[in-house]
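K.L.:
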Amino acid sequence: MTTPRIYLPRPASIYKLLALLFGFLLLTAALLLLPGKLTGNIFGSRAAGTVPLRDASETITGSEVALLTSAPDVPAPITRTHATKVIVNLEMIEKTARIADSVDYTTWTFGGSVPGTFMRVREGDLVEFHLKNAANSAMPHNIDLHAVTGPGGGGAASLTVPGQESVFSFTALNPGLYVYHCATSPVPMHIANGMYGMILVEPKAGLPKVDREFYVMQNEWYTTGKHGDHGLQTLDMSKGIEERPTYVVFNGAVGALTGDKALQAKVGERVRLFVGNAGPNLSSSFHVIGEIFDNVYSEGGSTVTQHNVQTTLIPAGGSAIVEFGVESPGDLILVDHAIFRAFNKGALGILHVSGEANPAVFAAIKGYRVNAGKQGGN
Amino acid sequence: MLQLLALTALLGTGGERAAVHAPDAPRRPAHRAVMARIPSGSYRPLYAIAGGAPTRVAAFSLDREPVTRGDYLAFVRANPAWRRATVRRELAGRGYLGNWRGDLDAGNALDLTRPVTAVSRFAANAYCESLGKRLPTVNEWEYAAAASETRADATADPRFVSRLLDLYARRPGGDSLPAAGSGFRNVYGVRDLHGGAWEWTAESREHATVHPGSHEHLPSCASAAVGATDQTNYPAFLRHAFRAALQSQSTVPTLGFRCAAG
Numbered sequence: 001m002t003t004p005r006i007y008l009p010r011p012a013s014i015y016k017l018l019a020l021l022f023g024f025l026l027l028t029a030a031l032l033l034l035p036g037k038l039t040g041n042i043f044g045s046r047a048a049g050t051v052p053l054r055d056a057s058e059t060i061t062g063s064e065v066a067l068l069t070s071a072p073d074v075p076a077p078i079t080r081t082h083a084t085k086v087i088v089n090l091e092m093i094e095k096t097a098r099i100a101d102s103v104d105y106t107t108w109t110f111g112g113s114v115p116g117t118f119m120r121v122r123e124g125d126l127v128e129f130h131l132k133n134a135a136n137s138a139m140p141h142n143i144d145l146h147a148v149t150g151p152g153g154g155g156a157a158s159l160t161v162p163g164q165e166s167v168f169s170f171t172a173l174n175p176g177l178y179v180y181h182c183a184t185s186p187v188p189m190h191i192a193n194g195m196y197g198m199i200l201v202e203p204k205a206g207l208p209k210v211d212r213e214f215y216v217m218q219n220e221w222y223t224t225g226k227h228g229d230h231g232l233q234t235l236d237m238s239k240g241i242e243e244r245p246t247y248v249v250f251n252g253a254v255g256a257l258t259g260d261k262a263l264q265a266k267v268g269e270r271v272r273l274f275v276g277n278a279g280p281n282l283s284s285s286f287h288v289i290g291e292i293f294d295n296v297y298s299e300g301g302s303t304v305t306q307h308n309v310q311t312t313l314i315p316a317g318g319s320a321i322v323e324f325g326v327e328s329p330g331d332l333i334l335v336d337h338a339i340f341r342a343f344n345k346g347a348l349g350i351l352h353v354s355g356e357a358n359p360a361v362f363a364a365i366k367g368y369r370v371n372a373g374k375q376g377g378n
Numbered sequence: 001m002l003q004l005l006a007l008t009a010l011l012g013t014g015g016e017r018a019a020v021h022a023p024d025a026p027r028r029p030a031h032r033a034v035m036a037r038i039p040s041g042s043y044r045p046l047y048a049i050a051g052g053a054p055t056r057v058a059a060f061s062l063d064r065e066p067v068t069r070g071d072y073l074a075f076v077r078a079n080p081a082w083r084r085a086t087v088r089r090e091l092a093g094r095g096y097l098g099n100w101r102g103d104l105d106a107g108n109a110l111d112l113t114r115p116v117t118a119v120s121r122f123a124a125n126a127y128c129e130s131l132g133k134r135l136p137t138v139n140e141w142e143y144a145a146a147a148s149e150t151r152a153d154a155t156a157d158p159r160f161v162s163r164l165l166d167l168y169a170r171r172p173g174g175d176s177l178p179a180a181g182s183g184f185r186n187v188y189g190v191r192d193l194h195g196g197a198w199e200w201t202a203e204s205r206e207h208a209t210v211h212p213g214s215h216e217h218l219p220s221c222a223s224a225a226v227g228a229t230d231q232t233n234y235p236a237f238l239r240h241a242f243r244a245a246l247q248s249q250s251t252v253p254t255l256g257f258r259c260a261a262g
């Protein structure tokens, strides 16, 4: 007779089974890891610990409507220590604006001015973006915020015909100073006509306290007329393609930061400039004559990358944050140190520093100016 | 060519006279929308298969001028379902005829001569159908719009392209559109294809043609340049982006239409 036989592996076969299992595990691990090795995919990189995968995990508490400012003004630093929902209401407006003495241009804008309004949010904030296109616009527009992690920086979700509104949301995952711009085809035309601005995503811990913050953005104008030709100008596409700008300016116009509109600070204050470069073509060799940048957050990143910098390079579609103390009175001159642009095309602004002379820092001792002063001249 | 010349000669005198009108003396809408015959031919769309044959366009007729508010007023008088207050929301967005004073009040005498705008594609289509016409296809519209005053295809002429770009850049928004017939008259005797209101075409975004073997041409990002037959034809890019932004029920204050037939 046969009784049902219960199979019990002998000790030797257990080891064989374990060896088989182990081999299988090894093979599985190899298969899983191999694509990562080959393509450098995110999981493989993560294992190396250099590239974080961010998530929108911070609890969102409350909501607020973002205060937007026109250049050179910047919204006040964020004092919140938690993430919130920030509602941004931005309208795209087409309007004629003065870009130089007696020279007008049919600009396309974010918020009615060139550059567009400045936004300030905190790392981790959930931004609910309401993008309107004014009813009297002629063109559809959209927005690509470099601060957005998502398709087209919001561009795909925000294409808006005149009189309509688009809404999309994003979490500000990465701190830094980011350019935004219109990305509707033909993109170079929308940017060349003035559709750009900046959004600051403050690090959770905030930025160090300073006394003055300013918003400065460089751009080029490519006009149908020559430099200085009066009247209403529009885009000269050929000049744009050939990268021959008629004007290179700060804050949208020749003279936007000179005379009565010069930036103001006092001796002994600390100044922070949020500097953007809209392009559309040129990189900026940003320099302030008579000053040295104590801190530079190069390319608009969230950490100070360099101290004691004379000129910092700002790519088109990029930014930099520069900080310095002003120790001596007088006019500091903001320029693109590709100097023909400053001298002949408009890339020049003034930061007027008022206060008592500080001869230990700087003193004019002998020379034209000193003599002129003694003779009662200017 | 001979045909074209004959056509141009035929259209010459009447067209010129129609263009002259005082702002306070609107023309009678019903008799204005004379059509021009556009001979068959071919053109290169903005997006086409590289090295492929140009797109053929069969002969068709096209309104010489865009449909005016006066024309459209007559249509809504006869078709109450298309009045502002009664139109079904899924056929026309909230801004439908938003620049009119009332359901049957399209504005003053000058306003009646302006192109009708803020109408949906559905509405434009219904208007054309009421006259036994239809909306032009994108190919037909672009083919007709490639013409300058003297040439059937002027798109390779940089001066023509920059002139259009200038017209577009100065394009007035909202209610300041000039009277229909104010724009230049092309070789076919068609006016206002550039510089006045934008115009609807038959294809909606939902049914946008995607050429086989090419990716979808997104209207945003620099990638719009990929696959374009002419990266310097900015006016064509602007029109393409505008169409891509529309849905069939969209109503835009700068968007009107004209009808085609045949």
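Chains as they are written, first to last, in the working numbering: chain Z, 1 to 378; chain D, 1 to 262.
Ideal Cβ positions, reconstructed from N, Cα and C, are used throughout, including at glycine.
1) Short check: CB of Ala157 of chain Z to CB of Phe168 of chain Z, under 7 Å?
2) Do Gly300 of chain Z and Ser285 of chain Z come within 7 Å of each other at the CB atom, strictly closer than that value?
3) Residues of the stretch 138–171 of chain Z in Cβ contact with chain D at a cutoff of 8 Å, in chain order, please.
4) Going straight from the alpha carbon of Glu64 of chain Z to that of Leu126 of chain Z, what length do you get?
5) Can you tell me where the alpha helix (DSSP H) with Tyr72 of chain D in it begins and where it stops?
6) Just the C-alpha distance for Ala156 of chain D and Pro162 of chain Z, rounded to the nearest angstrom, thanks.
7) Tell me which residues share the same chain as Ala338 of chain Z and place their Cβ nearer than 7 Å to its Cβ, disregarding the 5 neighbours each side in the sequence.
8) Closer than 8 Å between beta carbons: that is the criterion. Which residues of the stretch 226–260 of chain Z meet it against chain D?
9) Does the beta carbon of Ser248 of chain D come closer than 7 Å to any beta carbon on chain Z?
10) Among residues of its own chain, excluding the 5 on either side of Ser214 of chain D, which ones have a beta-carbon nearer than 6 Å to its beta-carbon?
11) Considering only C-alpha positions, which residue in the set Z:Met217, Z:Lys239 and Z:Gly111 is nearest to His227 of chain Z?
12) Let me know the beta strand (DSSP E) ranges lying completely inside the stretch 106–136 of chain Z, each 3 residues or longer, listed in chain order.
13) Strictly below 7 Å CB to CB, what residues from chain Z border Phe237 of chain D?
14) With which residues is Gln264 of chain Z paired in a DSSP beta bridge?
15) Rounded to whole angstroms, what is the Cα-Cα separation between Ala360 of chain Z and Asn193 of chain Z?
16) List the residues of chain D that Thr109 of chain Z touches, going by C-beta distances under 7 Å, in chain order.
17) Are the beta-carbon atoms of Lys65 of chain D and Gly181 of chain D separated by less than 7 Å?
18) Would DSSP call Met237 of chain Z helix, strand or coil?
19) In this structure, how does DSSP classify Ile191 of chain Z when only helix, strand and coil are distinguished?
20) Inspect the beta-carbon positions of Arg258 of chain D and Val34 of chain D and report whether they are closer than 7 Å.
21) Are any of the Cβ atoms in chain D nearer than 7 Å to that of Thr303 of chain Z?
22) Could you tell me which of Z:Ala97, Z:Val309 and Z:Val121 sits nearest to Gly112 of chain Z, measuring between CA atoms?
23) Output the distance between the C-alpha atoms of Lys209 of chain Z and Pro175 of chain Z, rounded to the nearest integer angstrom.
24) I'd like to know whether the C-beta of Tyr127 of chain D is nearer than 7 Å to at least one C-beta of chain Z.
25) With 8 Å as the limit, tell me which residues of the stretch 78–112 of chain Z have their beta carbon closer than that to any beta carbon of chain D; keep them in chain order.
26) Hey, how far is the Cα of Thr13 of chain D from the Cα of Asn281 of chain Z?
27) Do you know offhand how far Thr251 of chain D's Cα is from Leu97 of chain D's?
28) Give, in chain order, every unbroken run of the beta strand (DSSP E) that is at least 3 residues long and sits entirely within the stretch 67–112 of chain Z.
29) DSSP has Glu165 of chain Z in a bridge; who is on the other side?
30) Is there a C-beta anywhere in chain Z that falls below 7 Å from the one on Tyr234 of chain D?
31) Can you tell me which of the three DSSP states Gly259 of chain Z falls into?
32) When the distance is taken between beta carbons, is Ile93 of chain Z closer than 7 Å to Thr109 of chain Z?
33) When you compare the CB of Gly70 of chain D with every CB in chain Z, is at least one pair closer than 7 Å?
34) Excluding five sequence neighbours on each side, which residues of the same chain lie with their C-beta closer than 8 Å to the C-beta of Ile365 of chain Z?
35) How many angstroms separate the CA atom of His194 of chain D from the CA atom of Val249 of chain Z?
36) Curious, which full-length beta strand (DSSP E) runs of at least 3 residues does the stretch 274–322 of chain Z contain?
P.N.:
According to the data block:
1) yes
2) no
3) Ala138, Met139, Pro140, Asn142, Asp144, Gly152, Gly155, Ala156, Leu159, Thr160, Val161, Pro162, Gly163 and Gln164
4) 11 Å
5) Arg69 to Ala78
6) 30 Å
7) Ser285
8) Leu232, Thr234, Leu235, Asp236, Met237, Ser238 and Ile241
9) no
10) Below a pLDDT of 50, predicted positions are generally treated as unreliable, and Ser214 of chain D, at 38, falls in that range; the measurement from the model is reported next regardless. Cβ within range, chain order: Gly227.
11) Z:Lys239
12) 119–122 and 126–133
13) Ser185 and Pro186
14) Z:His352
15) 47 Å
16) What Thr109 of chain Z touches in chain D: nothing, since even the nearest Cβ is about 13 Å away.
17) One point to set straight first is that residue 65 of chain D is Glu, not Lys, in the sequence displayed. Yes; because the gap between Cβ atoms is below 7 Å, this pair is in contact.
18) helix
19) helix
20) no
21) no
22) Z:Ala97
23) 17 Å
24) no
25) Glu94 and Thr106
26) Low local confidence applies: a pLDDT of 37 at Thr13 of chain D is under 50, so the model's placement there is unreliable, and no value is given.
27) 8 Å
28) 83–100 and 103–110
29) Z:Lys132
30) yes
31) helix
32) yes
33) no
34) none
35) 32 Å
36) 284–289, 293–297, 306–309 and 311–314
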